[in-house]
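Report on the structure given below.
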Amino acid sequence: MAKILEKRKVRPDVYFFRLSTPEIAKKAKAGQFIILILHEHGERIPISLADINPEDGSVSIMFMTVGKTSTEMATFEVGDEIADVVGPLGNPSHVKNFGKVVLVGGGFGVAPLYPIAKALKAAGNEIVTVMGARNADLLLYEEEMAATSDKVLVTTDDGSKGIKGVVTLALEDELKAGVDLVLAVGAAIMMKFVAKTTEPYNVKTIVSLNPIMVDGTGMCGACRVSIGGETKFGCTDGPEFDGHLVDWDLLMSRQRMYLKEEKEAMERYSCNCVPIS
Ligand SMILES: Cc1cc2nc3c(=O)[nH]c(=O)nc-3n(C[C@H](O)[C@H](O)[C@H](O)COP(=O)(O)OP(=O)(O)OC[C@H]3O[C@@H](n4cnc5c(N)ncnc54)[C@H](O)[C@@H]3O)c2cc1C
Ligand code: FES
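Heads up: the sequence shown runs through residues 50 to 326, numbered per this note's numbering.
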């Protein structure tokens, strides 16, 4: 059980929660995630850690309302309790002094980059953050990333802030100047193009994959991904993998496997035809 200590509506469709989870906060490291179950009829949803505070026994998450469970979670208020929180899950990010690291984030992907940026900065790396959105109003976590980065490059599709264009445009300029590691978190399509951009420069590129997950402990096989032709589990072998080895088409097709069921669940929830389940 985890009490909500803080709630912020960051954007009309994005929420920030700080949750009281002393045991998880004590053990969690950058790059890991938790699985939440809202109530006894709820489904399991994985969410990355957007901050870890062992001092006050809390972890933070940022989530987008994309379907039934995330929409329902957005109705929870400070003081409400989330029935089950399992974690920390997945392997932590590999942290050492690589040299110059470019972190690339799109959408809610910027939030999990924050603890990773803090850890890599503390290990002595030069951090350049590239964050992108469709327009300036949709940018997230700008202040937090500025506080942990040596340089922040913003890209917007419509040019309303920063560089007009997609994140790979800003990334390419950095690659020309020399980069030791790239780490990307966000939509699969964005990570795929980040990996394609870095490949000719032969720069190691880590991506944090988000396949459908159920148990999060390596038992169900729902999260299987193909890495360099080998089957791996996103939850126990990842979530971070070498972006140059990921079978992106398989990942994206598996992410769409339950679209019909997800749409039906959202419709039932929206019209209150059935109790939440
Ligand atoms: C390791 C990991 C970390 C994640 N971190 C975040 C995060 O920090 N913030 C955030 O907003 N989202 C995150 N996600 C995605 C999040 O789990 C889904 O948005 C959520 O499960 C959607 O549930 P829903 O019922 O609201 O939507 P649904 O209508 O059920 O699904 C909408 C879409 O979300 C994805 N999804 C649905 N169920 C799952 C599932 N069990 N596992 C993974 N993806 C699913 C699918 O692509 C689906 O098409 C993460 C996913 C993974 C695997
Ligand atoms: S979520 Fe079940 S094996 Fe990874």
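Don't be surprised by glycine CBs; every beta carbon is placed ideally from N, CA and C.
Using the rule of at least 16 other Cβ atoms within 10 Å of the residue's Cβ for burial, across every protein chain shown, is residue i buried or exposed?
{"i": "SER302", "result": "exposed"}
{"i": "ASP100", "result": "buried"}
{"i": "ALA226", "result": "exposed"}
{"i": "GLY270", "result": "exposed"}
{"i": "MET262", "result": "buried"}
{"i": "MET306", "result": "exposed"}
{"i": "THR124", "result": "exposed"}
{"i": "ALA74", "result": "buried"}
{"i": "LYS200", "result": "exposed"}
Mind checking whether residue i and residue j have CB atoms under 9 Å apart?
{"i": "VAL67", "j": "SER97", "result": "In the sequence under discussion, the amino acid at residue 67 is Arg, which differs from the Val named in the question. No, they are not a contact pair."}
{"i": "SER142", "j": "SER107", "result": "no"}
{"i": "MET240", "j": "LEU224", "result": "no"}
{"i": "ALA219", "j": "GLY181", "result": "yes"}
{"i": "GLY80", "j": "ASN140", "result": "yes"}
{"i": "LEU162", "j": "GLY173", "result": "no"}
{"i": "VAL135", "j": "ARG93", "result": "yes"}
{"i": "MET113", "j": "ASP186", "result": "no"}
{"i": "THR280", "j": "GLY267", "result": "no"}
{"i": "VAL228", "j": "VAL252", "result": "yes"}
Just verifying my parser: in three-state terms, what is the DSSP assignment at residue i?
{"i": "GLU92", "result": "coil"}
{"i": "LEU155", "result": "According to the sequence shown, residue 155 is Gly rather than Leu. In the structure shown, GLY155 sits in a strand (DSSP, three-state: E or B)."}
{"i": "ASP328", "result": "Outside the modelled stretch of the chain, which goes from 50 to 326, sits residue 328, for which no answer is possible."}
{"i": "ILE261", "result": "coil"}
{"i": "THR114", "result": "coil"}
{"i": "PHE282", "result": "strand"}
{"i": "GLU126", "result": "coil"}
{"i": "THR246", "result": "helix"}
{"i": "ARG273", "result": "strand"}
Tell me residue i's beta-bridge partners as DSSP assigns them.
{"i": "LYS200", "result": "VAL177"}
{"i": "LEU300", "result": "Answer is none; LEU300 lacks a bridge partner."}
{"i": "ARG67", "result": "GLU55 and SER109"}
{"i": "PHE82", "result": "SER97 and LEU138"}
{"i": "LEU218", "result": "DSSP lists no partner for LEU218."}
{"i": "GLU289", "result": "SER257"}
{"i": "THR205", "result": "ALA182 and LYS213"}
{"i": "ALA233", "result": "VAL153 and VAL256"}
Here's a check: name, in chain order, each residue in its chain whose Cβ is nearer than 8 Å to the Cβ of residue i, leaving out the five neighbours to either side.
{"i": "LEU299", "result": "VAL274 and SER275"}
I'd like the list of long-range same chain contacts for residue i, defined as Cβ closer than 6 Å, with 5 residues on each side in sequence excluded.
{"i": "GLY116", "result": "GLU311 and MET315"}
{"i": "HIS88", "result": "ALA132"}
{"i": "ALA168", "result": "ALA79 and VAL144"}
Does any residue of chain B bring its CB to less than 9 Å from the CB of residue i?
{"i": "ALA172", "result": "This model lacks chain B altogether, as it is built from one protein chain only."}
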